[in-house]
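Student: First to last, the sequence lines map onto chains A and B.
Following this note's numbering, the numbering of the first sequence begins with 6 at its first residue and continues without gaps.
Following this note's numbering, the numbering of the second sequence begins with 575 at its first residue and continues without gaps.
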Amino acid sequence: MVRLMRQLQFQIFILPILIVYTLFSIYPLIKSFVLSFTNFDGYTKAYDFVGLKNYDLIFSDDAIVSGMSYTLIFAFFSTMLITALAIPLALILDQRFYTSKLHRAIFFFPSIPSGLLLAYIWGFILAPISSGVFNKVLKELFNLGPQPWLSDPLLAKLSTIVVAAWASTGWHAVLYLAFLQSIPKDYYEAAAIDGANRWQQIRHITIPLLAPAMTISVMLLLTGGLKVFEIPFALTRGGPGFETHTITQVIVLRGISETQYGLASAMSIVFFLIVLLIAYFQVTFMQKREERNR
Amino acid sequence: MTSAPKRIWILDVLMLPVGIVVFFPFYLIIINTFKSLKETASSPMSLPKEWIFSNYAHVIRETPLLRSMGNSATITISSVILMVLIGAMAAYPVVFNSNKLNRGLTVYLLAGFMIPFQTTLIPLFQLMTDLSLINKIYGLVILYMGGAVFVFFLMMGYMKTIPKELVEAATIDGCSVWGIFWRIILPLLKPITVTSIIYQTMWIWNDFLAPMLFLNSQSKATLVLQIYKAKGEFSVNWPMFMTLTVISLVPIFIFFIVMQKQIVKGIVGGAIKG
Numbered sequence: 006m007v008r009l010m011r012q013l014q015f016q017i018f019i020l021p022i023l024i025v026y027t028l029f030s031i032y033p034l035i036k037s038f039v040l041s042f043t044n045f046d047g048y049t050k051a052y053d054f055v056g057l058k059n060y061d062l063i064f065s066d067d068a069i070v071s072g073m074s075y076t077l078i079f080a081f082f083s084t085m086l087i088t089a090l091a092i093p094l095a096l097i098l099d100q101r102f103y104t105s106k107l108h109r110a111i112f113f114f115p116s117i118p119s120g121l122l123l124a125y126i127w128g129f130i131l132a133p134i135s136s137g138v139f140n141k142v143l144k145e146l147f148n149l150g151p152q153p154w155l156s157d158p159l160l161a162k163l164s165t166i167v168v169a170a171w172a173s174t175g176w177h178a179v180l181y182l183a184f185l186q187s188i189p190k191d192y193y194e195a196a197a198i199d200g201a202n203r204w205q206q207i208r209h210i211t212i213p214l215l216a217p218a219m220t221i222s223v224m225l226l227l228t229g230g231l232k233v234f235e236i237p238f239a240l241t242r243g244g245p246g247f248e249t250h251t252i253t254q255v256i257v258l259r260g261i262s263e264t265q266y267g268l269a270s271a272m273s274i275v276f277f278l279i280v281l282l283i284a285y286f287q288v289t290f291m292q293k294r295e296e297r298n299r
Numbered sequence: 575m576t577s578a579p580k581r582i583w584i585l586d587v588l589m590l591p592v593g594i595v596v597f598f599p600f601y602l603i604i605i606n607t608f609k610s611l612k613e614t615a616s617s618p619m620s621l622p623k624e625w626i627f628s629n630y631a632h633v634i635r636e637t638p639l640l641r642s643m644g645n646s647a648t649i650t651i652s653s654v655i656l657m658v659l660i661g662a663m664a665a666y667p668v669v670f671n672s673n674k675l676n677r678g679l680t681v682y683l684l685a686g687f688m689i690p691f692q693t694t695l696i697p698l699f700q701l702m703t704d705l706s707l708i709n710k711i712y713g714l715v716i717l718y719m720g721g722a723v724f725v726f727f728l729m730m731g732y733m734k735t736i737p738k739e740l741v742e743a744a745t746i747d748g749c750s751v752w753g754i755f756w757r758i759i760l761p762l763l764k765p766i767t768v769t770s771i772i773y774q775t776m777w778i779w780n781d782f783l784a785p786m787l788f789l790n791s792q793s794k795a796t797l798v799l800q801i802y803k804a805k806g807e808f809s810v811n812w813p814m815f816m817t818l819t820v821i822s823l824v825p826i827f828i829f830f831i832v833m834q835k836q837i838v839k840g841i842v843g844g845a846i847k848g
């Protein structure tokens, strides 16, 4: 009896999280799944099951198709760019030089404010008109005419990815830096005695030992990249046309603004599956790679 | 023994321009708050010819910025405290009263990591409407509490490093389940609590999507929402908008300066365990 009482007392502690989590994550997930098979429009309480019709419609909806392709492009290229910049940056910040602390702070700082705010600042810099700061710099340095950084389909995509890289590279460099600093110094000393030069040490000691950090960083970047919303929303408003619409923006547009609940739910379920699939393949692939390097 | 390696001054020289470019956007917004609209348009990059301070007075007078800052603080502080609390509480039975039920519940909770907020957005919107939690500050706080799963995960990892004997000894001494948590376990969780607070504070303080969807009156807006609204109102009045931005950066900047060491440690700790 006393034992049972103790068990019960223990279980009370887990109750609050179970309630909020079930109510605000699991229940909506199941509801999303159910709604995705209906023609629910939010106004009439009654709705019919329409089978897979919504899933079929997804692929003929321009906004949804470009939302998906832009989100995938963004997630992929921003991950590549940030990883390619963060690892060398971490290697540099790991060296001893006078301003290394200052540089760490400067590179890290953009990951502190909200993405929305940062993107608005960049909107000022990249303003497509000739008075835009960046266009002014280009004119003075290379005598180049104004470029439509935010209104050309390709340049707009590029701009959002570069701004995201500016905002997140420092954060990921700090993550790599922590792993770098946990590599025992004797490894390098032993390699130096064996005649390995600096580059060979990086290639054969540092990079393989950074593999676990890379698995984590790339996973965070990919899943975060798929959920991207604020930077394109504030920088290009999703334009030109639907060119830089994110999946999130399309769900809000079709679901909340136009109350096409069925369609938007189908799309959010597809999005969930994409996130799951990409995360699963990335982690298994990169963990295999870690083991190969061991 | 050799002395510490020499400082490589060439890196100072090489990194200087890179650092300047990275910092440049912040330089830009700060200097333009001291200019007139005309000067910002004609020479955005140079230092102001004449330093104007009226933009600050104007923004504080004309926009509910300070109020939004208060809203953001209320929402962030209350949701972070609640999340840390219910996250730590949930980890307690899972670690110290491990049984089949709790192992199952752990899997159930951790599955939540993979659910994107976006996927639950439409039913959430209906749910919040049905519970009449829309446009209520406490409504948003309740919604954020679902994010305690991440805290639970961090806490669980950390609690496993606390020796079980500690709890057993306290039990023999007649300490209740309730008392052990508050008096013995909770005080030991300080390092992971700092990590949790940093992660959750930065997420909630900067969140845009949830406030945009669930708060619609001006008086309840968070700071990020206020920036979004100001962008519409001031549209091309950049000095005014940038002044608002700079003021809104002050709290998070202080947070960064004060917590810098813990932020870096916390990120690494969280990421390694996450």
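Even glycine gets a Cβ: it sits at the ideal position worked out from N, Cα and C.
Counting contacts by CB-CB distance shorter than 8 Å, is K144(A) in contact with chain B?
Tutor: For K144(A), the answer is no, since every Cβ of chain B falls outside 8 Å of its Cβ.
Student: What whole-angstrom Cβ distance do Q836(B) and V768(B) have, given they're in contact under 8 Å?
Tutor: Between V768(B) and Q836(B) the Cβ distance is about 5 Å, and since that is below 8 Å, they are a contact.
Student: I want to see whether chain B comes within less than 8 Å of L121(A), judged by CB atoms only; does it?
Tutor: Yes, contact with chain B.
Student: How would you label D781(B), buried or exposed, when you count the other beta carbons within 10 angstroms and need 16 or more for buried?
Tutor: By the 10 Å Cβ count, D781(B) comes out buried.
Student: At the 8 Å Cβ level, is L159(A) part of the contact set with chain B, yes or no?
Tutor: So, not an interface residue.
Student: Are the region 626-642 of chain B and the region 815-825 of chain B touching, with three or more C-beta to C-beta distances below 8 Å?
Tutor: Contact holds: three or more Cβ-Cβ distances are below 8 Å.
Student: Using the Cβ count rule (16 or more neighbours within 10 Å means buried), how would you classify V25(A)?
Tutor: That one is buried.
Student: Taking the C-alpha atoms as reference points, what is the distance between P33(A) and I746(B)?
Tutor: Going from the Cα of P33(A) to the Cα of I746(B) covers about 44 Å.
Student: What residue range is occupied by the uninterrupted alpha helix (DSSP H) comprising E235(A)?
Tutor: It spans 235-240 - the alpha helix (DSSP H) in which E235(A) sits, taken as one unbroken run.
Student: Determine which residues of the region 85-106 of chain A have a Cβ less than 8 Å from any Cβ of chain B, and write them out in chain order.
Tutor: Taking 8 Å as the Cβ-Cβ cut-off against chain B, the residues of the region 85-106 of chain A that qualify are I97, Q100, R101, F102, Y103, T104, S105.
Student: Note down the Cα distance separating L146(A) from A89(A), rounded to an integer number of angstroms.
Tutor: Their backbone Cα atoms lie some 27 Å apart in a straight line.
Student: Exposed or buried, what is Y285(A) when buried is set at 16 or more other beta-carbons lying within 10 Å of its beta-carbon?
Tutor: Flag for Y285(A) reads exposed.
Student: Considering only the alpha carbon of each residue, which of L717(B), L705(B), L684(B), Y712(B) lies closest to T694(B)?
Tutor: Selected option, being the one with the closest Cα: L717(B).
Student: Do you know offhand how far F82(A)'s Cα is from S119(A)'s?
Tutor: So the alpha carbons of these two residues sit roughly 21 Å apart.
Student: Can you tell me whether DSSP reads F18(A) as helix, strand or coil?
Tutor: Three-state DSSP puts F18(A) in coil, outside helix and strand.
Student: In the structure shown, what three-state DSSP assignment does F54(A) receive?
Tutor: If DSSP states are grouped into helix, strand and coil, F54(A) belongs with the strands.
Student: Any C-beta of chain A sitting closer than 8 Å to the C-beta of M575(B)?
Tutor: Here the model assigns M575(B) a pLDDT of 44, short of 50, so the residue's position is not dependable, and the following value carries that caveat. No - not a single Cβ of chain A is within 8 Å of the one on M575(B).
Student: Could you check which residue in P813(B), V824(B), Y773(B) has the C-alpha nearest to that of F129(A)?
Tutor: The option with the nearest alpha carbon to F129(A) is P813(B).
Student: Beta carbons nearer than 8 Å to chain B: which residues of the region 271-286 of chain A have them?
Tutor: From the region 271-286 of chain A, only S273, I274, F276, F277, V280, L281, A284 have a Cβ closer than 8 Å to chain B.
Student: Comparing the C-beta of I78(A) with each C-beta of chain C, is any distance below 8 Å?
Tutor: In the displayed structure, chain C is absent; the protein chains listed are A and B.
Student: Please confirm whether W171(A) has its beta-carbon closer than 8 Å to some beta-carbon of chain B.
Tutor: Closer than 8 Å: yes.
Student: T43(A) bridges to which residues according to DSSP?
Tutor: F54(A), per the DSSP bridge assignment.
Student: Taking only runs of the alpha helix (DSSP H) that begin and end inside the region 102-173 of chain A, which ones reach a length of at least 4 residues, in chain order?
Tutor: Correct list: 105-113, 120-130, 138-147.
Student: Confirm the yes/no value for this check: CB of L282(A), any heavy atom of the ligand GDP, distance under 7 Å.
Tutor: As far as ligands go, the structure on display features none, and thus does not contain the ligand GDP.
Student: Could you confirm whether any beta carbon from chain A is found closer than 8 Å to the beta carbon of A647(B)?
Tutor: Not an interface residue.
Student: Starting from the beta carbon of P736(B), find every residue of chain A whose beta carbon is closer than 7 Å, and list them in chain order.
Tutor: Here the sequence assigns Ile to residue 736(B), which means Pro is not the residue at that position. What I736(B) touches in chain A: nothing, since even the nearest Cβ is about 15 Å away.
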